[in-house]
Amino acid sequence: MPASQFPVGGNPFLHEDEQDCCSPSSLESPPSTSAFSKDLLRSDSTNIPNSSTAAVTANVSSSSRDSDSSYDIVPEKDVILRMQEEIEVSLDSRRYAQAFAPVLSHLQRLWELVITAQPLLVMGPNPGQTSQTVQALVSCIAPLAFCADYRPFFTIYDPEFKNVSRGSISSPIAILGVTNPFFSKALNHWPNVIRLGKVRHIEKKRHAHQLSSKILLEDLKPGLYSQYKPFLKRDAGFFKRLKKALTDGTPEVCISRAIQRFFQELTLSFLIPLEQYISTLMPLHRDISPFRCVPELNRFNMDDFFRTLERAGPRLTCDVKGDWVGLYKSFFSGPHFVHWLSQREADIRQKLHSLHLDAIIRTNFSTWLEERSEVEIVDMILQLNQEVASLRKSGSNCDGICRQIRVLLHALPDDLQQAVGRSNSALGVHRQD
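Residue numbers (the numbering used here): 519 to 951.
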């Protein structure tokens, strides 16, 4: 029997009257301003999860690994939040409370599924509802970019339908939004399914071998159907507050805001140890010399990273306990990590290159020239010529490098100046007598 056929556990928000306080109807209550919503509206810095924003910021800012290093590679929290604005859907269009209405009790499990890029099928009654939920899922790990393929609304006429409907889950599409009940049968191998509403039966022949398909096509209650075992323990404090907010008429916008912050705190607590570790791979400021090549960034070593979690893991900024190491291992095997690492390495290399250029511009080459041979001087000019060509190709200002080249040219004999100067003329660097 497929994993998606099983609902996830019992609903922790279910009362004796069997009324699910996370149901869509509970979001239609009169908008009375509860204590929960007042806390949200009082200050933008309110934290919904049991974790301290101050601790997050302090933990990030304390990541400098050497007093000789005058640059910061671990971004401050406000920088990370600005990154979020570039990749997330706005809160108004996301409307978390509405998008996750049938699965509010499984928000933390959904966050794990998304951050580890597990296959997730969203089945809804209409394209608008499925698209909204898919977009909300994609944005729930911001400021970490969602780098797998996803389709807010997928139909049987899509060119990739045959590949997606095969009996394996090797498709690059990680999140799929559908409305056609036929997908209950065609995608019964997908291990995680969110049902947003009632699914109609489709016509089918009554044959014995179709028994399993018949079960899948039966009307199932909205919710999450999955056998995924989460790595982290449930944040009881947040869900207790969420339950209270849903039962006392808290406005939907406040609930959406609380959910957003819950996701945000989880993601930041997950990212900060990674940012701290990658900062240790950065060469020291004193290693950047204008007379040598730009120093290389050390390679990311997973075993070394896991060792850092013992003293600087997510527990410093997040009260959620569990197997964080197992969650990181699952994350490392997915596309989000590959993109994050390549992007961070590119950012660091760009920073190193910028620092190297600054070092060249600030250097007093007149002193350096005193003990240098003509061959060394010409070699330095050729290296700086490459920098000029690269800067001009990218549209950057290279006046400082050109001034240093002219200083070096003046140290050469006239005949050699003319020979080297001809190659510099093509780059716009002219000797000034």
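Each residue gets a CB set at the ideal place from its N, CA and C atoms; glycine is no exception.
This structure is a prediction, so every number in the text was calculated from the model and none was measured.
Closest option to HIS928, judged by alpha-carbon separation, among ILE895, THR835, ASN681: ILE895. Within the segment 912-944, there are no complete beta strand (DSSP E) runs of at least 3 residues. For VAL843, the enclosing alpha helix (DSSP H) begins and ends at 842-850.
In the DSSP assignment, MET800 falls outside any beta strand (DSSP E), carrying neither H nor E. Around the beta carbon of THR885, a 10 Å sphere encloses fewer than 16 other beta carbons of the protein chains shown; the residue is thus reported as exposed. By the neighbour-count definition (other C-beta atoms within 10 Å, threshold 16), ARG713 is a buried residue.
Within the same chain, VAL843, TYR846 come within 8 Å of PHE824 by CB-CB distance, once the 5 residues on both sides are set aside. PRO791 is a Cβ neighbour of THR826, given a cutoff of 8 Å. If only uninterrupted alpha helix (DSSP H) runs of at least 4 residues are considered, those enclosed by the segment 875-903 are 883-887. Bridge partners of GLY831 according to DSSP: none are assigned.
Only buried fits PRO637, as 16 or more other CB atoms lie within 10 angstroms of its CB. Taking the Cα of ILE773 as reference, the smallest distance to any Cα among LEU934, GLN936, ALA615 is reached at ALA615. Three or more Cβ pairs drawn from the segment 796-810 and the segment 863-875 lie within less than 8 Å of each other, which places the two stretches in contact.
Pairing HIS857 with ALA864, the inter-Cα distance amounts to about 10 Å. Here the C-alpha atom of ALA660 lies approximately 7 Å from the C-alpha atom of THR785. Under the 8 Å Cβ criterion, the segment 646-654 does not count as touching the segment 743-750, having fewer than three qualifying pairs.
Beyond the five residues adjoining it in sequence on each side, ASN710 comes within less than 8 Å, by CB distance, of ALA521, SER522, LEU631, GLN636, PRO637, LEU638, LEU639, LEU742, TYR743, SER744, TYR746 in the same chain, given in chain order. In this structure, CYS658 is the residue among HIS803, GLU889, ALA704, CYS658 with its C-alpha nearest to the C-alpha of ARG613.
The beta-carbon distance between ILE919 and LEU909, rounded to whole angstroms, is 7 Å. This is short enough to meet the 8 Å contact definition.
In the displayed model, GLY642 falls within coil according to three-state DSSP, outside both helix and strand.
In the DSSP assignment, ILE691 forms a beta bridge with ASP667. Taking 8 Å as the cut-off, the Cβ atoms of GLY695 and ARG669 count as close.
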